[in-house]
Amino acid sequence: MPYPSHVRIVEVGPRDGLQNEKTLVPVDVKVTLIQALAEAGLKTVEAGSFVSPKWVPQMADTAAVLARLHRKPGVSYPVLVPNQTGLEAALRNNVQEIAIFAAASDTFSHRNINCSIEESLSRLAAVAASALAHGLKVRGYASCVLGCPFEGAIETAAVAHVAGALYEMGCYEISLGDTIGVGTPLKAHAMISAVAERVPIPALAIHYHDTWGQALANILASLQLGISVVDSSVAGLGGCPYAPGATGNVATEDVVYLLNGMNIETGVDLDQVASAGRFISQHLGRAPASKVAVALQSTCLPTR
Ligand code: HMG
Ligand code: MG
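In the working numbering, the protein residues as written are 1 to 304.
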């Protein structure tokens, strides 16, 4: 199959990236980051989550972030929602798109959202139905698609089951999360092939954390199957608070550089996204976890 001519990048840094930060990031910094990412050309920028503030304190200010955000026309700012309480908060805050999330591992599901896979799917079906009735777009996540921090290897059939259920409850797109970044290309290929039996490829996205440095290779393998939506996090921020040892998503800068080099259009300006990455990295007091961001700052710039 030929590579897609265009890839939509879903920027998850302000949510997946920041949710793992122990020190609270001020609302203004989050707003500046989200706006810079939209200015860089990203059409989907996850803005936060309406989850329990006891579980993820960093996301407790999502309503304040949304209130101060200048929403750019044509850009979607989804928020994560785990239950009806979260959906009600989303509706109060004029959210147009939510993301619901389930896992292909029962142990991870309990650790992350305090219920089994099946309980989560029946709860989320009601949330999705209500969100759709209110005219919201609903995106779905399946976590642990290439491995679980507690259970190890995960059967592709379990991933297909969860992804299929999310699709059937009305999610327009299912993002396949390698939560702990353990996957390798042939495993990613087999997993997507199994999921494609339940969900059409155009409705699939990939969400690869880069803990083991395999994300770009896995993205390439996924593009070869026709996947054309890639989640990434500016400066490679992040991890999941309930996935021990997991580091950030693949860096947006690295994905843009890869796709530019393959003449695959993204609409994202590499310099602008790298600038947004330097902004948040400076605030967090660390260098960006993006090879491309570091290379752009070095004296011997590659051609790009
Ligand atoms: P629970 O304790 O079973 O829920 O947690 P509960 O219904 O018993 O409620 C407990 C308390 O939380 C109550 O407050 C509720 O009101 C409150 P209290 O009476 O104790 O004061 N509460 C809420 N508050 C605000 N917003 C809400 C909400 N719901 C309940 N929506 C629950 C269940 C799902 C709430 C909890 O486990 C939770 O919030 N988990 C979220 C964990 C999370 O955000 N993880 C990270 C995102 S997932 C991820 O990163 C993976 C992904 O990137 C893909 C990948 O990489 O694989 C998407
Ligand atoms: Mg994630």
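Cβ coordinates follow ideal geometry from the N, Cα and C atoms, glycine included.
All of these numbers come straight from a predicted model, not from anything done at the bench.
- In this structure, Val-25 sits away from Ile-264, with a CB-CB distance that is not shorter than 8 Å.
- In the structure shown, His-70 adopts coil according to DSSP, grouped into three states.
- By the C-beta density criterion, Lys-54 is exposed, having fewer than 16 other C-beta atoms within 10 angstroms.
- The DSSP-derived three-state label of Phe-101 is strand.
- Rounded to the nearest angstrom, the gap between the Cα atoms of Ala-64 and His-70 is 12 Å.
- Inter-segment contact for the stretch 70–82 and the stretch 35–52 is present: three or more beta-carbon pairs are separated by less than 8 Å.
- Our two residues, Leu-296 and Val-162, have alpha carbons roughly 40 Å apart in a direct line.
- Between Leu-176 and the set Ala-102, Pro-149, Ser-130, the nearest pair of CA atoms involves Ala-102.
- According to the DSSP assignment, Gly-177 belongs to no alpha helix (DSSP H) but to the beta strand (DSSP E) extending over 173–178.
- The beta carbons of Thr-184 and Gln-224 sit no closer together than 8 Å.
- In this structure, the straight-line span from the alpha carbon of Asn-93 to that of Ala-276 is close to 25 Å.
- Each residue's CA atom was taken as its position, placing Phe-150 and Thr-107 some 7 Å apart.
- Distances taken from the Cβ of Asn-260 to the heavy atoms of the ligand MG include none shorter than 7 Å.
- In the structure shown, Val-75 adopts coil according to DSSP, grouped into three states.
- Looking at Arg-15, Gly-285, Asp-269, Pro-4, the one whose alpha-carbon comes closest to that of Lys-30 is Arg-15.
- For the alpha helix (DSSP H) assignment, the uninterrupted runs of no fewer than 4 residues enclosed by the stretch 195–258 are, from N- to C-terminal side, 215–223.
- Between Val-250 and Thr-211, the CB-CB gap reaches or exceeds 8 Å.
- Measuring C-alpha to C-alpha distances from Ala-89 to each of Ser-109, Lys-72, Ala-67 identifies Ala-67 as the nearest.
- When distances are taken from the beta-carbon of Thr-179 to the heavy atoms of the ligand MG, the shortest one is below 7 Å.
- Put simply, the backbone Cα of Cys-171 is about 32 Å away from that of Gly-261.
- Distances taken from the Cβ of His-209 to the heavy atoms of the ligand MG include one shorter than 7 Å.
- Ser-122 sits exposed, since fewer than 16 C-beta atoms from the chains shown fall within 10 Å of its C-beta.
- Shown here for Gly-140: same chain residues with a beta carbon closer than 6 Å to its own, the five before and five after excluded, namely Ile-100, Leu-166, Cys-171, Ile-174 in chain order.
- A distance below 8 Å separates the beta carbons of Val-273 and Leu-37.
- Approximately 6 Å separates the beta-carbon atoms of Leu-216 and Asp-254; this is inside 8 Å, confirming the contact.
- Residue environment: Asp-28 is assigned as exposed (fewer than 16 neighbouring CB atoms within 10 Å of its CB, all protein chains considered).
- If the five residues before and after Ala-131 are omitted, its C-beta is found closer than 6 Å to the C-beta atoms of Leu-87, Ile-98, Val-138, all from its own chain and listed in chain order.
- A distance below 7 Å between beta-carbons, with the five flanking residues on each side excluded, links Val-199 to the following residues of its chain, in chain order: Ala-163, Gly-164, Tyr-167, Ile-174.
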